[in-house]
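Every letter in the sequence shown is one number past the one before it in my numbering, and letter 4, counting from 1, is 15.
No residue lacks a Cβ here, since even glycine has one placed at the ideal position from N, Cα and C.
The next block holds one structure in the form of structure tokens; read it before the comments.
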Amino acid sequence: MKQYLYIAQGSLEPSKCKIGITNDLNRRLKEYNSTTGISAENSYSYLFAAEVSDMKALEQDIKNRFFYLRELEKREIYFYNLSLFDMYVDFIQSSEHFLKKVLFKDPKKPNIVKPKAVPSMKERGVTRKTLLDKAMRVKDDEFYTRMKDVEKELSMYPAKIWKDKVVFCNCDDAIGVKRDYTDSSAFALYFLKHFLRLKLKKLICTHYGGKVDLFNAGTKGYIFTKEGASEIIETPKGYNGGFEEELSLQILNKQTDIVCTNPPFSRAADYWKVLIASKKKFIIISNITNCITPSFIPYFANKKAWAGYTRVDWYLNPKRIPVRAAGHFFTNFPIKDRPAIKRLKFVPLNEIPDVYQQYDDSGTLLVDKSYIPNDYDRPFAVSTRQILNGVLECGYSIVLKAQYFPYIEGKKKFARVLIQKIKEN
Ligand SMILES: C[S@@+](CC[C@H](N)C(=O)[O-])C[C@H]1O[C@@H](n2cnc3c(N)ncnc32)[C@H](O)[C@@H]1O
Numbered sequence: 012m013k014q015y016l017y018i019a020q021g022s023l024e025p026s027k028c029k030i031g032i033t034n035d036l037n038r039r040l041k042e043y044n045s046t047t048g049i050s051a052e053n054s055y056s057y058l059f060a061a062e063v064s065d066m067k068a069l070e071q072d073i074k075n076r077f078f079y080l081r082e083l084e085k086r087e088i089y090f091y092n093l094s095l096f097d098m099y100v101d102f103i104q105s106s107e108h109f110l111k112k113v114l115f116k117d118p119k120k121p122n123i124v125k126p127k128a129v130p131s132m133k134e135r136g137v138t139r140k141t142l143l144d145k146a147m148r149v150k151d152d153e154f155y156t157r158m159k160d161v162e163k164e165l166s167m168y169p170a171k172i173w174k175d176k177v178v179f180c181n182c183d184d185a186i187g188v189k190r191d192y193t194d195s196s197a198f199a200l201y202f203l204k205h206f207l208r209l210k211l212k213k214l215i216c217t218h219y220g221g222k223v224d225l226f227n228a229g230t231k232g233y234i235f236t237k238e239g240a241s242e243i244i245e246t247p248k249g250y251n252g253g254f255e256e257e258l259s260l261q262i263l264n265k266q267t268d269i270v271c272t273n274p275p276f277s278r279a280a281d282y283w284k285v286l287i288a289s290k291k292k293f294i295i296i297s298n299i300t301n302c303i304t305p306s307f308i309p310y311f312a313n314k315k316a317w318a319g320y321t322r323v324d325w326y327l328n329p330k331r332i333p334v335r336a337a338g339h340f341f342t343n344f345p346i347k348d349r350p351a352i353k354r355l356k357f358v359p360l361n362e363i364p365d366v367y368q369q370y371d372d373s374g375t376l377l378v379d380k381s382y383i384p385n386d387y388d389r390p391f392a393v394s395t396r397q398i399l400n401g402v403l404e405c406g407y408s409i410v411l412k413a414q415y416f417p418y419i420e421g422k423k424k425f426a427r428v429l430i431q432k433i434k435e436n
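If you want it as structure tokens, here you go:
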């Protein structure tokens with residue numbers, strides 16, 4: 012006889028769900044709807060169901076793992092919100108007893124759906140006055156990261172990099188009660204959702220109590236810590252959650268294994284300084300032009316950082332309106348078989364079309380459009396594109412740890428960086 016484990020929910024009980032087992036999903040649903048429904052309107056439906064090899068064992072594993080999320084010890088009712096739901100499903104699907112998903116209906120998402128252009132003020136918990144005040148103070152870099160961009164990048168790394176590690180999200184990675192995009196950062200939500208699958212040891216997220224309050228999390232900084240089943244929020248006196256604050260630095264230097272966040276673009280140089288000095292592993296978002304910007308060039312030249320896998324062109328502003336900014340993930344984790352390397356075109360100099368090669372007034376070669384002259388031994392100038400696509404992993408190195416500004420017929424052109432083929436001994 013087939014065995015199933017399911018998550019069901021009553022339409023009038025959005026903060027709870029039932030996690031149970033059965034040999035007959037249809038019959039179980041009928042039973043719920045005829046006997047346990049609180050009223051005719053409270054109809055039950057499945058949010059998730061899976062065929063499993065040992066339903067009793069898996070049910071027991073769930074009870075053991077999520078004991079703190081049960082409404083009553085003796086009943087199969089568990090607390091529900093979208094991130095808890097993701098966590099339950101994640102746990103079930105990674106169990107040795109899981110066989111296949113047999114039915115999946117997107118949970119009702121009263122608060123999440125697709126980000127609306129402008130969520131209601133009630134949803135964001137703000138008044139018209141606070142919204143207007145905030146809009147006035149918003150700086151260009153007060154954008155928040157979309158979940159799909161976080162997922163796209165982080166899914167590229169092998170799960171083993173996270174095992175038993177302490178992850179620190181230290182640039183306003185608030186975690187609110189709703190645990191959705193209105194009150195929590197996508198980095199925080201990603202690690203909460205995948206905490207078990209990634210076998211994380213600890214997640215530490217700080218909320219920055221600055222002027223702009225992207226997540227309506229208040230003006231006080233706080234530290235959220237999740238370790239196993241325990242979740243605590245601390246609001247140390249005088250702490251505003253800045254990455255450069257003593258307490259944040261202590262967490263970074265003494266506890267953290269991996270840093271993951273989107274720091275404010277305007278503080279990027281200070282942020283990188285602190286981060287690189289900590290010698291911790293990281294996956295962060297920053298401006299694509301970092302690799303040709305003076306404060307960052309030495310990190311790329313000294314192989315302290317390199318591009319991650321993906322570009323991030325779209326963010327959401329405090330009003331949840333998509334805004335464009337040229338960002339990219341950067342990391343110091345190995346990038347395996349960097350897909351973007353295929354975009355580089357290694358060809359002899361005389362095969363680079365004239366429009367993509369030129370010489371500046373000092374006689375330095377400038378190449379564009381992902382071209383790399385593979386028979387050229389002198390330094391030549393490239394733009395961000397070649398660096399982000401991985402040329403420094405292909406036998407070339409940065410030879411000038413400063414920006415290179417070419418002049419053509421006396422006119423200053425945009426900044427580049429000088430690279431050169433590494434000489435073979
Ligand atoms: C680009 S947003 C990203 C927010 C969030 N990490 C995300 O990915 O959605 C940068 C955030 O850093 C916050 N911030 C500004 N200065 C900071 C500082 N000194 N320390 C920590 N966070 C800061 C800003 O208020 C803003 O919320």
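Tyr320 places its beta carbon 8 Å or farther from that of Leu225. With fewer than three CB-CB distances shorter than 8 Å, the region 397–409 does not count as touching the region 418–426. Secondary structure of Tyr282 (DSSP, three-state): helix. Look at Thr267: its beta carbon is at least 7 Å from all of the heavy atoms in ligand 1.
A distance below 6 Å between beta-carbons, with the five flanking residues on each side excluded, links Asn251 to the following residues of its chain, in chain order: Gly220, Gly232. In the three-state reduction of the DSSP assignment, Asn298 falls in the strand class. Between the alpha carbons of Gly406 and Leu258 lies a gap of roughly 41 Å.
Asp35: not part of any beta strand (DSSP E); DSSP gives it neither H nor E. Membership of Thr236 in the beta strand (DSSP E) is indicated by the continuous run 233–238. Distance from the CA atom of Gln14 to the CA atom of Val334, rounded to whole angstroms, is 48 Å. Ala60 and Ser26 have their C-alpha atoms spaced approximately 19 Å apart. It is roughly 14 Å from the alpha-carbon of Asn34 to the alpha-carbon of Ile18. Arg331 has its Cβ no nearer than 7 Å to any heavy atom of ligand 1. Relative to ligand 1, the beta carbon of Arg322 is positioned no closer than 7 Å to any heavy atom. DSSP places Val410 in the coil class of the three-state scheme, outside both helix and strand. Assignment of Lys67 by DSSP, reduced to helix, strand and coil, places it in the helix class. Not one heavy atom of ligand 1 is found less than 7 Å from the C-beta of Asn298. Proximity of the region 324–339 to the region 366–374 falls short of the contact definition, fewer than three beta-carbon pairs being nearer than 8 Å. With a cut-off of 8 Å on Cβ pairs, the region 194–212 is not in contact with the region 349–358, counting fewer than three such pairs. With a cut-off of 7 Å, the C-beta of Arg278 is classified as near ligand 1, since at least one heavy atom of the ligand falls inside that distance. Distance from the C-beta of Ala197 to the nearest heavy atom of ligand 1 is below 7 Å. Set against 7 Å, the gap from the CB of Gly221 to the closest heavy atom of ligand 1 is smaller. For Val100, the enclosing alpha helix (DSSP H) begins and ends at 93–104.
Rounded to whole angstroms, Phe109 and Ile103 show a C-alpha spacing of 6 Å. Assigned with DSSP and collapsed to three states, Arg157 falls in coil, not helix or strand.
By the Cβ-count criterion, Phe293 is buried, with 16 or more other Cβ atoms from all chains shown falling within 10 Å of its own Cβ.
One thing to note: Ile296 has its Cβ within 8 Å of the Cβ of Val323.
By the neighbour-count definition (other C-beta atoms within 10 Å, threshold 16), Leu83 is an exposed residue.
The closest CA to that of Gln414, considering only Ser394, Ser408, Arg427, Leu36, is found on Arg427. With a 10 Å radius around the Cβ and a threshold of 16 neighbouring Cβ atoms, Leu23 comes out exposed.
Residue ranges of uninterrupted beta strand (DSSP E) with 3 or more members, entirely inside the region 332–356 and ordered along the chain, are 333–342. Inclusion of Leu225 in the 7 Å shell around ligand 1 follows from its C-beta lying nearer than that to a non-hydrogen atom of the ligand.
In this structure, DSSP gives Ala426 a state outside helix and strand, which the three-state scheme calls coil. If you look at Ala318, you'll find it in the beta strand (DSSP E) that goes 317–327. Assigned with DSSP and collapsed to three states, Ala197 falls in helix.
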